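Written below as structure tokens is the structure these notes are about.
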Amino acid sequence: MAGLPPTITDATVILTFGAGGVYYGYCEIVDVLFEFPNKAAYVTLTNSVVAQEITYAAQELQQRIDTVYVMPYLGSDAGITLTLREINAKLATANLIDRYFQGAEPDMSPAAAERRSYAELRILDIVNGIDRWGPEVGSDAQPRGMLPQYQISAGATILPDPNSMDPRDAKPVFSMGLSRFRQNDIM
């Protein structure tokens, strides 16, 4: 599992965990407040609340990307830091909007769904290799070894079925080894 995201110091922040005046993430409070509509209408939307959601969103972002690249990203590539900043801000904003709309209409905010969908599609592009960060494109991100992709389509069949409880399925269709015929019997 990846370590904590990069540390951001802000004296106005007190999290429910960790040291005071510190939060973790790839974006800052102003990035999330820029994304959050009608922020002035919510009196309880303090810097501490926003910082905590930034930290949670950054951890979620890291866990998804950590399968492909070494996280936390501490490099200096401007394209990567901007992408991480944008995704972190969108996820944190979606979490905040869901939090404030939860009492009235749970999971009914199109603004939160739009931001979450955008962030998840960007993460999916990174994980699937559409958006490349490795040294082959001149960045300082460290790629991880890829695991093999096995055929999981509905048309693929495995015999004998390893999940079957029927003892008749336990016999393999083909076997390797000695033939049941003796050499003298074969013409």
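Counting along the sequence shown from 1, when you hit position 137 you're at 176 in my numbering, and nothing is skipped either side.
Ideal Cβ placement from N, Cα and C applies to all residues, glycine included.
Everything numeric in this text was worked out from a predicted model, so none of it was measured.
Quiz item: Is the beta carbon of residue 136 sitting closer than 9 Å to the one on residue 151?
Solution: Residue 136 is a Cβ neighbour of residue 151, given a cutoff of 9 Å.
Quiz item: Per DSSP, which one or two residues make a beta bridge with residue 83?
Solution: Answer is none; residue 83 lacks a bridge partner.
Quiz item: Under the rule that 16 or more other beta-carbon atoms within 10 Å means buried, what is residue 118, buried or exposed?
Solution: exposed
Quiz prompt | Sub-9 Å separation of residue 94 and residue 64 beta-carbons | solution = yes
Quiz item: Helix, strand or coil: how does DSSP classify residue 55 here?
Solution: coil
Quiz prompt | residue 69, enclosing alpha helix (DSSP H) - first and last residue | solution = 68–74
Exercise. Note down the Cα distance separating residue 73 from residue 205, rounded to an integer number of angstroms.
Key: Answer to the nearest angstrom: the Cα atoms are 60 Å apart.
Practice problem: Tell me, please, whether the segment 98–105 touches the segment 45–55 by the rule of three or more beta-carbon pairs shorter than 8 Å. | Solution: Contact check between the segment 98–105 and the segment 45–55: fewer than three CB pairs, one atom from each, fall below 8 Å, which does not count as touching.
Quiz prompt | Distance, residue 163 Cα to residue 171 Cα | solution = 12 Å
Quiz item: Ends of the beta strand (DSSP E) at residue 48?
Solution: 46–48
Quiz item: Does the Cβ of residue 81 have 16 or more other Cβ atoms within 10 Å, making it buried, or fewer, making it exposed?
Solution: exposed
Quiz item: How far does the beta strand (DSSP E) with residue 62 in it reach, from first residue to last?
Solution: 61–63
Quiz item: What do you reckon, are the CB atoms on residue 132 and residue 69 nearer than 9 Å?
Solution: no
Quiz item: Residues in its own chain within less than 7 Å of residue 42 by CB, not counting five upstream and five downstream?
Solution: 111
Quiz item: What is the residue span of the alpha helix (DSSP H) that residue 160 lies within?
Solution: Taken as a continuous stretch (DSSP letters only), the alpha helix (DSSP H) holding residue 160 covers 149–166.
Quiz item: In or out: residue 58 buried (at least 16 other Cβ within 10 Å) or exposed?
Solution: exposed
Quiz item: Cα-Cα, which of 180, 174, 175 is closest to residue 123?
Solution: A check of alpha carbon separations from residue 123 across 180, 174, 175 identifies 180 as the nearest.
Exercise. Answer yes or no: do residue 97 and residue 134 have a C-beta to C-beta separation smaller than 9 Å?
Key: no
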